[in-house]
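Colleague:
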Amino acid sequence: MPRKRRRAQALADDNSKEMDGALIEREKDSATSKYFKDKMTRLLSDFYNKSCIELAKSFLGQILVRRLPDGTELRGRIVETESYLGGEDEASHSRGGKQTERNVAMFMKPGTIYVYQIYGVYFCMNVSSQGDGAAVLLRSIEPIEGLDTMRTFRNVRRSEQSKPLKDKELCNGPSKLCQAFAFEKSFDRRDLATDKSAWLEAGSSILEEDIASCARIGIGNAGEWTHKPLRFYIKDNKYVSVRNKAAETGVPCLSVITAFQADK
DNA sequence: CATCTGATGTGCT
DNA sequence: GCACATCAGATGA
830 MPRKRRRAQA LADDNSKEMD GALIEREKDS ATSKYFKDKM TRLLSDFYNK
880 SCIELAKSFL GQILVRRLPD GTELRGRIVE TESYLGGEDE ASHSRGGKQT
930 ERNVAMFMKP GTIYVYQIYG VYFCMNVSSQ GDGAAVLLRS IEPIEGLDTM
980 RTFRNVRRSE QSKPLKDKEL CNGPSKLCQA FAFEKSFDRR DLATDKSAWL
1030 EAGSSILEED IASCARIGIG NAGEWTHKPL RFYIKDNKYV SVRNKAAETG
1080 VPCLSVITAF QADK
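Okay, so the first sequence: first residue is 830 according to this note's numbering, each after it adds one.
#1: Just grab the DSSP bridge partners of Gly905 for me.
#2: So, with DSSP's three-state summary, where would you put Glu1053?
#3: Just list the residues that DSSP pairs Met954 with in beta bridges.
#4: What is the rounded straight-line gap between the Cα of Ser1042 and the Cα of Ala1076?
#5: Helix or strand or just coil, what does DSSP make of Ser880?
#6: Grouping DSSP H, G and I as helix and E and B as strand, with all else coil, what is Glu911?
#7: Would you say the stretch 954-966 touches the stretch 877-893, given that touching needs at least three Cβ pairs under 8 angstroms?
#8: On the DSSP bridge list, what partners appear for Ile1040?
#9: Grab the span of the alpha helix (DSSP H) containing Ala1075 for me, first residue to last.
#10: Can you tell me where the beta strand (DSSP E) holding Leu1027 begins and where it ends?
#11: Assign Leu873 to one of three DSSP states: helix, strand, or coil.
#12: In angstroms, rounded to a whole number, what distance separates the CA positions of Lys927 and Gly916?
#13: Could you work out which residue in Glu974, Phe876, Cys1000 and Ile892 is closest to Ser1070 when comparing CA atoms only?
#14: Which stretch, first to last residue, makes up the alpha helix (DSSP H) that contains Cys1000?
#15: State the DSSP-derived secondary structure class of Ala1116, mapped to helix, strand or coil.
#16: Between which two residues does the alpha helix (DSSP H) containing Ala934 stretch?
So, in C-alpha cells, the structure goes:
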C-alpha cells in the first residue's frame, strides 16, 4: 500500500477514538458548546419538520463542519444537493421501501448520516430526512476553512505530477467532498445533530429564485424518476459539480410541482 | 470541450 | 454475475 493510502487508512482508524476525544474537547469549552447549540436550533427543526425536498433546498447555503482528530476544523458551504424520496423513488437505494444492511440509515430518524461506498472506491454522504427511506445527498460544497488539509486529502488518489487542484475542484462532487472532509464509512448511521466530529452551522438562507432545480446526476435507468427535478443547487455558483443553464434561467417547470406532490 | 477506460467493494438477482 | 447516486487520466477534436 502506498504511503499516501496508509495515511488515509490511519485517519479512518482514528475515527472511533476521535469521537471521544472531540467530545471531551468540546464539552470543556461550554461557551463553544452553547454557541453551536444555539446555531443549530433552527437546523435541527429543519431535520424534523421539512420534507425531503424542502430539506435539500434549505441545506443550500448552510455550513458543514468537520472536526478532525487533531482538532483541525474544516468548513464549507453546501451549494448542491439531491433528494431521494424513498419507496416510490426508483432511483433511491430505498426503492420499494426495501431496507438492507447498507441503507438502514435512510430509514433512521431525520438527521442521521448515511454514508455508502460506491464503485468500490469512493464514498457518498447523505442526511436522512422526514419521510420513510428519504434522504438528501450532499453533492457539492464551497470550501471555506481548512483548504490546505482538504487538498492533502484530495491528493491521496492523484498522481504526484498532476496539476494542483483549484479551490473549486476540492469539493465539487459527492465523493470529492467526502475525500476533502474525510467522511467515510464510520460516519454511517451517526447523528449529524449531535455528532462531535461533524455538524452544521447556520449560513445564509437562499431565496427560492436563486435555486436551480433539475434532473439528478448519475442515475441511469430509473424510469420517470430519472428526469424528475430533484437536484438543487445555487444558481451561478462556480463550486457546483454540473451546471444546467436551462435550469438557471427558465421558470420552474411542471415536473417540479409534480415532484413536490410526490414528496408529500 | 466530448468521450472513453480503469479502478474496484458490496449489494442484490 | 452485474450494476452501481464516481473520479482521474488519457485521447482526439
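Cβ atoms here follow ideal geometry from the backbone N, Cα and C, with glycine treated the same way. Since the structure is predicted, the reported quantities are computational estimates derived from the model, not experimental observations.
Modeller: According to the data block:
#1: Here residue 905 corresponds to residue number 76 of the first sequence, with the count starting at 1. Beta-bridge pairing links Gly905 to Leu893 and Pro972.
#2: As a position in the first sequence, residue 1053 is number 224, starting the count at 1. In the structure shown, Glu1053 falls within a helical segment according to DSSP collapsed to helix, strand and coil.
#3: Indexing the first sequence from 1 puts residue 954 at position 125. In the DSSP secondary-structure assignment, Met954 is bridged to Val944.
#4: By 1-based counting over the first sequence, the position of residue 1042 is 213. By 1-based counting over the first sequence, the position of residue 1076 is 247. When rounded, the distance between both Cα atoms is 6 angstroms.
#5: Within the first sequence, residue 880 is the residue found at index 51, counting from 1. Three-state result, Ser880: coil.
#6: Within the first sequence, residue 911 is the residue found at index 82, counting from 1. Three-state DSSP puts Glu911 in a strand.
#7: Contact between the stretch 954-966 and the stretch 877-893 is present, because at least three Cβ pairs lie under 8 angstroms.
#8: Your numbering for residue 1040 matches position 211 in the first sequence. The partner list for Ile1040 (beta bridge, DSSP) reads Ile1063.
#9: On the first sequence, residue 1075 is found 246 positions in, with the first residue counted as 1. Per DSSP, Ala1075 belongs to the alpha helix (DSSP H) from Lys1074 to Thr1078.
#10: By 1-based counting over the first sequence, the position of residue 1027 is 198. Contrary to the premise, residue 1027 reads as Ala rather than Leu in this sequence. First-last of the beta strand (DSSP E) with Ala1027: Ala1027 to Glu1030.
#11: Here residue 873 refers to the residue found at position 44 of the first sequence. DSSP, reduced to helix, strand and coil, places Leu873 within a helical segment of the structure shown.
#12: Reading the first sequence from its first residue, position 98 is the one you call residue 927. Reading the first sequence from its first residue, position 87 is the one you call residue 916. Whole-angstrom Cα-Cα distance: 7 angstroms.
#13: Position 241 of the first sequence, counting from 1, holds the residue named residue 1070. The candidate whose alpha carbon is nearest that of Ser1070 is Cys1000.
#14: For the purposes of this step, residue 1000 is identified with residue 171 of the first sequence, where counting begins at 1. Cys1000: not part of any alpha helix (DSSP H); DSSP gives it neither H nor E.
#15: Because the chain is modelled from 830 through 1093, residue 1116 falls outside the range shown and cannot be assessed.
#16: What you label residue 934 is simply residue 105 of the first sequence in a count that begins at 1. Note, Ala934: alpha helix (DSSP H), Val933 to Phe936.
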